[in-house]
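Working notes for the structure below.
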Amino acid sequence: MFPKQVFPETSEIDSNGRLVIGGCNTLDLAEEFGTPVYVIDEVTVRNRCQEFVKEFSSVYPNSKVLYASKAYINPALAKIFNEEGLGLDVVSGGEFAVAKAAGFPLEEVYFHGNNKTPDELTQSLQGGIGRIVVDSFHELEVLNDIALSNGKIQDILIRVSPGIDPHTHAYTTTGIIDSKFGFSIQTGDAENAIKWALNAENLELIGLHFHLGSPIFELEPYTAATDLVLRFAAQFRENGLNLREFSPGGGFAIAYTRDQMPPDISDYAGCIVSTMTSTCDELGMEYPKLLIEPGRSIIGPAGVALYKVGAIKDIPGVRKYVSVDGGMGDNIRPALYQAEYEVVSAAQADRDGDDKVTIAGKYCESGDVLATDIFLPRLSSGDVIAIPASGAYCPSMASNYNLNPRPPIILVKDGASRLIRRRESYEDLMYCDVV
Ligand code: LLP
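According to my numbering, the residues represented by the sequence shown are 592 to 1026, in order.
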């Protein structure tokens, strides 16, 4: 059966069994734009933004959704997030530059990261960034100096590490003690950082932030960490900490495969907000502004990657490899995190197949496999396959390995397609080379 739950909201299958997204036939898109190509359904992106805003603001009006740009951003998408009333979480000068180029209100931008460079800090501060989420003692000192020399008092949040395991992949777990991110509450670093920041002449400490990891399928880690961090913050009231903003980060899960059942956005909102209000009530604390930072859960379900089948190698009794024209260069997630994806044949999207195949990429690595031992209708060279839930951390983590150009991104809506990033050319690949 077609796994509709992992495809964009507008996905349908036409009377010939072909996959249609945003009113556009995927085979036509593959023909027009070539493959590999990433198709993003605008309706899904906007609906996910609206759902986050609605679910959080209905239970906690003083809340703001910041889109985590690292999941994937470019100027066209930044404009959409702005239209939907979101702020942005950026983690590099590059992401900040995209926000700026898109005319994003920079006071709604939050800068995260464990090792922001002095240049990044200077440029974002001079550009009028809203908040900097400070992650280390080194950054506290550097930022205070930069703010001083620019004659500014910069609003900051401090990123704390609550020491709570969200039970996700080790590479994407961040809020535990053994992490490069944040000031650990357990070791006393968080306390020292707060005191340092409160005394810093050119920094205004207005809140605390944590991010546990990604994707998080359980609610309990959010509940436990929210309670712990608020209690921790309350200890510094006499020191002058007025917690005006509080962020439990992002990490909200999506379904990649038909058997995955992530919580609804309303479940995440309910558990975070009920914990916040009850802990604040108990401590007699004013309710801070709530910030949340979804990335994957907004853009992930909206994206579908289309590839064309090339070589097919059947090794009797061993495995059947179906190679496609993309792979780890545009989607590193299976190789890096053992991530699993659904795959459908774009021309026979309604058919469950019985041909057991492994979808391999075109890169020169045996680990360049997109899906292992899955069942599809019999594929031939030239057929197009579609991999859903590919909007997040695929184009944004893409590389030019083997000097393959990175794929284009198409936004689809109401039967119309719009190129929002063209395919790289060979000239692009050599653009920075000096002979
Ligand atoms: N806020 C902070 C501080 C983060 O570090 C992250 C993700 C987010 C928000 C957004 O998390 P999301 O809602 O997108 O799950 N490359 C990995 C994911 C790395 C996430 C890094 N930080 C993957 O492909 O699964």
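Beta carbons: idealized from backbone N, C-alpha and C, even for Gly.
Keep in mind that this is a model prediction, so the values were computed, not measured.
Item                                                                                                                                                                : Value
In angstroms, rounded to a whole number, what distance separates the CA positions of Arg822 and Leu897?                                                             : 48 Å
I'd like to know whether the C-beta atoms of Tyr663 and Ser987 end up nearer to each other than 8 Å.                                                                : yes
Can you check whether the CB of Thr765 is closer than 8 Å to the CB of Gly704?                                                                                      : no
For the stretch 682-694 and the stretch 887-897, state whether three or more C-beta atom pairs, one from each stretch, are separated by less than 8 Å.              : no
What does the Cβ neighbour count give for Ala761, buried or exposed, with the cut at 16 atoms within 10 Å?                                                          : exposed
Comparing C-alpha positions only, which one of Phe647, Asp619 and Cys615 sits nearest to Val634?                                                                    : Cys615
Identify whether Cys615 lies in helix, strand or coil by the three-state DSSP scheme.                                                                               : strand
Check Lys953 in the structure and name its three-state DSSP category.                                                                                               : coil
Which of helix, strand or coil does DSSP assign to Tyr813?                                                                                                          : helix
For His800, which residues from the same chain have a beta carbon less than 6 Å from its beta carbon, with the 5 sequence-adjacent residues on both sides left out? : Val724, Leu748, Arg750 and Ser838
Does any heavy atom of the ligand LLP sit closer than 7 Å to the C-beta of Pro806?                                                                                  : yes
Taking 8 Å as the cut-off, does the stretch 726-746 touch the stretch 783-795 (at least 3 CB pairs, one atom from each stretch)?                                    : yes
If you drop the 5 nearest sequence neighbours on each side, which residues of the same chain put their C-beta closer than 8 Å to that of Gly807?                    : The amino acid occupying residue 807 in the given sequence is Ile; Gly does not appear at that position. Same-chain partners within the cutoff: Pro757, His758, Thr759, Tyr813, Gly842, Phe843 and Ala844.
If you measure from the CB of Pro925, is any heavy atom of the ligand LLP nearer than 7 Å?                                                                          : no
Fully enclosed by the stretch 697-765, which alpha helix (DSSP H) runs are 4 residues long or longer?                                                               : 709-717 and 728-740
Quick check on Ser582: does DSSP put it in helix, strand or coil?                                                                                                   : The structure shown has nothing for residue 582, since the chain only spans 592 to 1026.
Write down the C-beta distance between Phe680 and Tyr701 rounded to the nearest angstrom, noting that I regard them as a contact closer than 8 Å.                   : First, the amino acid is wrong: residue 680 is Asp here, not Phe. Asp680 to Tyr701, Cβ: 5 Å. Contact.
Just reading off the beta strand (DSSP E) that Leu882 is part of, what are its end residues?                                                                        : Lys880 to Ile883
Between Val1003 and Gly608, is the Cβ-Cβ spacing less than 8 Å?                                                                                                     : no
Among Phe966, Ile950 and Lys953, which one has its Cα closest to the Cα of Gly944?                                                                                  : Phe966
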